[in-house]
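Be aware that the sequence shown starts at 1196, since it is given in my numbering, and climbs by one per residue. All C-beta atoms, glycine included, are put in the ideal place defined by N, C-alpha and C. Note sheet for the following structure.
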Amino acid sequence: MDFSKLPAILTPDLGLLFWMLLAFAVIFFVLAKYGFPAITNMVEERKKYIDESLKKAHEASERLENIKQEGEAILQEAREKQAQILKEAAETREAIVEKAQEKAREESSRLLEDARIQIVAEKQNAIRDIRSQVAELSVQIAEKILRNKLSTDAAQMEMIDRLLDEISVDNNKA
């Protein structure tokens, strides 16, 4: 292969190669002295920032998890309190209903007893009224019958004799 026919850029001279190497060395030295440490520092700072951010994110995640657990615990406690309050309310309601039913039973018993007493009293009053009316009617009927039968003096005398005979027979039997 013949290198003489290739363009000069592909086959550089020794002098050009020397100056290129020298320029490269100077630039490399300047970069190594001033550029690389700055770049390395920036990379390190960025790494620290990222590490701190990750650490903070991890801490925030842990806090969030703790908050979630606390929230769940509070929610569970609230549910338990709610269930307890509902149970107490149901017991109170049942007690109130039972008391109301008991009072209603007592009141109905008292009203029934009062009604029975009143019915008995009314019944006795009605029986007394009926007896007095029956007695009055009986007396009136007996009076009318006696007036009819005893309208003459002979009938009156006959009745008196018969009654005296009945009385004397009753006294003899006794």
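Remark: C-beta atoms of A1337 and K1344 do not approach each other more closely than 8 Å. Cβ-Cβ distances below 7 Å link E1297 to nothing in the same chain once the five nearest sequence neighbours on each side are left out. Rounded to whole angstroms, the gap between the alpha carbons of T1235 and K1276 is 60 Å. Pairing R1300 with E1283, the inter-Cα distance amounts to about 25 Å. It is roughly 30 Å from the alpha-carbon of D1348 to the alpha-carbon of V1329. N1366 and D1360 have their C-alpha atoms spaced approximately 10 Å apart.
Taken through DSSP and simplified to helix, strand or coil, L1359 comes out as helix.
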